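Peer 1: Handing you this structure, nothing more for now.
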Amino acid sequence: MLRKPTLALTADRTQKAKENHRCGDPADWFETAAFRRRGIYAASFDFFVNWQDETIDDEVWIKRISDTDNILRQSKKELLRQIADCDGTEKSNSVYLFLKARGLKQIYMLFQDVEEAKWDDGTGKIVGLDMSRYKEGPLSYWDAKGIQDKIAKLRKTPAPIGTAGLIYSTSALEGYLSRKPFFWPGDADTVLYNSANEALALLEFKKHTARSCIPFQDQKLSNYLEKDILKYKSLALLRDRLQTRFFVLYYPIPPDIDTVIIEEIQGGPDAPAAVRRLELPMPLKESQESMETFAKRFVEEALGGEEGRQECRNG
Numbered sequence: 060m061l062r063k064p065t066l067a068l069t070a071d072r073t074q075k076a077k078e079n080h081r082c083g084d085p086a087d088w089f090e091t092a093a094f095r096r097r098g099i100y101a102a103s104f105d106f107f108v109n110w111q112d113e114t115i116d117d118e119v120w121i122k123r124i125s126d127t128d129n130i131l132r133q134s135k136k137e138l139l140r141q142i143a144d145c146d147g148t149e150k151s152n153s154v155y156l157f158l159k160a161r162g163l164k165q166i167y168m169l170f171q172d173v174e175e176a177k178w179d180d181g182t183g184k185i186v187g188l189d190m191s192r193y194k195e196g197p198l199s200y201w202d203a204k205g206i207q208d209k210i211a212k213l214r215k216t217p218a219p220i221g222t223a224g225l226i227y228s229t230s231a232l233e234g235y236l237s238r239k240p241f242f243w244p245g246d247a248d249t250v251l252y253n254s255a256n257e258a259l260a261l262l263e264f265k266k267h268t269a270r271s272c273i274p275f276q277d278q279k280l281s282n283y284l285e286k287d288i289l290k291y292k293s294l295a296l297l298r299d300r301l302q303t304r305f306f307v308l309y310y311p312i313p314p315d316i317d318t319v320i321i322e323e324i325q326g327g328p329d330a331p332a333a334v335r336r337l338e339l340p341m342p343l344k345e346s347q348e349s350m351e352t353f354a355k356r357f358v359e360e361a362l363g364g365e366e367g368r369q370e371c372r373n374g
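Start counting the sequence shown at 60; every next residue gets the next number (the working numbering).
Structure, rendered in C-alpha cells:
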C-alpha cells in the first residue's frame, strides 16, 4: 500500500509536525468539492532548478511511501494500480494531463521510509515510474548514491541548505540527503489549475506556531527572504515557467487564531516581493459551509474571480 508522505522530525520520525486540528492540512482546503465546482483543481510535486542557467527542468517527481519493499518486485501495472488506490484514479489522471500539457515529465518516486542507516549503506531502494514513457520500460531503480547522481544531473550545480540539514522532512531519505550536496528537490505545495490544464496559481504554505518569534499579524515574506532566498527564487522561477501567479499563505497552529494571511508575490526571481495582502477566515475541515465560504472568497479576492482567472490564462 502507498501513502502520501508525512512531515516529521528528521531525527525522530515518530514525532510528527504540529497540526491545527480544526483546519487540517492547508493543501486539503484546495482539494474540496467547493473548488472543483468552480473548475479549479490542485496538484503537488517536487521540481528541479538547473542552477547553471536558472531554469526549471522538465522532470518533476511525486513521492509516495510504501509500507513494504514489494514495490521493488512489482510490474508497472501493479504499481500504477497502487498509485490509483492512493491518489484516486480521477485525481492521478487529472494531474498527469495537467503536467503533460505544461511540458512536464511526471515520475512517481516510490520507496519505504526506512531508517537513514539503510540509505547510508545502500540497502534502501527507490523505484521510479516514469509516466511519460509508460509503454516503453518506465521503471528505474536507485539507491541513495544513485539518486544523488541523478539529482546532480538535473540540478547541475549544488545548492546546499547547510550542514545541519532539514529539521523536519517528509521521509528519512529526504532528511539523509539534506546533509548532502545534492539533496531531494523542493516541492510546489499546491498548484491550482483549470479544466483546460492552465495554471491559475502557485501556493506556498507557511506555518505559524506558538514558538514563533513573529506575531501572526506580522507574518510576511520579507521576514524569510534573506534566510530562504533560494527557496523563494526557485518558486518564482516555477511561477514563471507555469506562467501563473504566486501566493504565500500563512496559517496558524495556535487555537486562538482563526484567520489566514495571503500575500501575492511578484517581482523577478532575484527580487520577489509581496504586492498584495489579504486576510480570510480560516476554513474548518469539519464544516462544509466554512470550506465553501473559503473557496468562494479565495477565488473572488485572491484570484479575482473569473476576471482574475482570465488574467492568469493570458499571462
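Even for Gly, the Cβ is constructed at its ideal location relative to N, Cα and C.
These numbers come from a predicted model, not from an experiment.
Go ahead and pull the three-state DSSP assignment for W178.
Peer 2: Within the sequence shown, the letter at position 119 stands for residue 178. DSSP places W178 in helix when its eight states are reduced to three.
Peer 1: From D112 to L297, what distance separates their C-alpha atoms?
Peer 2: Here the question's residue 112 lines up with position 53 in the sequence shown. Here the question's residue 297 lines up with position 238 in the sequence shown. C-alpha separation (whole angstroms): 14 Å.
Peer 1: Cα separation between R62 and D71?
Peer 2: The residue labelled residue 62 in the question sits at position 3 within the sequence shown. The residue labelled residue 71 in the question sits at position 12 within the sequence shown. Spanning the two alpha carbons is a distance of roughly 19 Å.
Peer 1: On the criterion of 16 or more Cβ atoms from any shown chain inside 10 Å, does A160 qualify as buried, or is it exposed?
Peer 2: Numbered from 1 along the sequence shown, position 101 holds the residue referred to as residue 160. So A160 counts as exposed.
Peer 1: Indicate whether the contact test is met: 3 or more Cβ pairs, each with one atom in the stretch 191-201 and one in the stretch 255-274, closer than 8 Å.
Peer 2: no
Peer 1: For Y310 and L131, I'd like the C-alpha separation in whole angstroms.
Peer 2: Position 251 of the sequence shown, counted from the start, is the residue given in the question as residue 310. Position 72 of the sequence shown, counted from the start, is the residue given in the question as residue 131. Rounded to whole angstroms, the separation of the alpha carbons of L131 and Y310 is 38 Å.
Peer 1: Give the secondary structure of K290 by DSSP, where H, G and I count as helix, E and B as strand, and everything else as coil.
Peer 2: Taking the first residue of the sequence shown as 1, we reach residue 290 at position 231. Correct three-state label for K290: helix.
Peer 1: Kindly identify the DSSP beta-bridge partner or partners of G187.
Peer 2: For the purposes of this step, residue 187 is taken as the residue at position 128 of the sequence shown. Answer is M168 and S199.
Peer 1: On the DSSP bridge list, what partners appear for D246?
Peer 2: Against the sequence shown, residue 246 aligns to sequence position 187. According to DSSP, D246 bridges with D105.
Peer 1: By the 10 Å Cβ neighbour count, where 16 or more other Cβ atoms means buried, how is T69 classified, buried or exposed?
Peer 2: Within the sequence shown, numbered from 1, the residue matching residue 69 stands at position 10. T69 counts as buried, since at least 16 other C-beta atoms from the protein chains shown sit within 10 angstroms of its C-beta.
Peer 1: Thinking C-beta only, is K122 closer than 9 Å to S230?
Peer 2: What you label residue 230 is simply residue 171 of the sequence shown in a count that begins at 1. What you label residue 122 is simply residue 63 of the sequence shown in a count that begins at 1. Taking 9 Å as the Cβ cut-off, S230 and K122 qualify as a contacting pair.
Peer 1: Who are the near neighbours of A218 in its chain, counting only those whose CB is closer than 6 Å to its CB and skipping five residues on each side?
Peer 2: Against the sequence shown, residue 218 aligns to sequence position 159. Around A218: W110 and L289.
Peer 1: Among V358, G234, L284 and K355, which residue has its Cα nearest to the Cα of P328?
Peer 2: Position 269 of the sequence shown, counted from the start, is the residue given in the question as residue 328. Cα-wise, what sits closest to P328 is L284.
Peer 1: Rounded to a whole number of angstroms, what is the C-alpha to C-alpha distance between K279 and L232?
Peer 2: Start at 1 with the first residue of the sequence shown, and residue 279 comes out as number 220. Start at 1 with the first residue of the sequence shown, and residue 232 comes out as number 173. Between K279 and L232, the C-alpha separation is close to 31 Å.
Peer 1: Within 10 angstroms of its Cβ, does R335 collect 16 or more other Cβ (buried), or is it exposed?
Peer 2: Working through the sequence shown from its first residue, we reach residue 335 at position 276. Label assigned to R335: exposed.
Peer 1: Helix, strand or coil: how does DSSP classify Q325 here?
Peer 2: Sequence index remark: in the sequence shown, residue 325 carries index 266 (1-based). If DSSP states are grouped into helix, strand and coil, Q325 belongs with the strands.
Peer 1: For F157 versus Y100, is the C-beta distance shorter than 9 Å?
Peer 2: Here residue 157 is taken as the residue at index 98 of the sequence shown, counted from 1. Here residue 100 is taken as the residue at index 41 of the sequence shown, counted from 1. For F157 and Y100, yes; Cβs fall inside 9 Å.
Peer 1: Out of K344, A211, Q133 and D84, which one is the CA nearest neighbour of L188?
Peer 2: Working through the sequence shown from its first residue, we reach residue 188 at position 129. It is Q133 whose Cα lies nearest to the Cα of L188.
Peer 1: Could you spell out where the beta strand (DSSP E) holding A258 opens and where it closes?
Peer 2: Position 199 of the sequence shown, counted from the first residue, corresponds to residue 258. It spans A258 to H267 - the beta strand (DSSP E) in which A258 sits, taken as one unbroken run.
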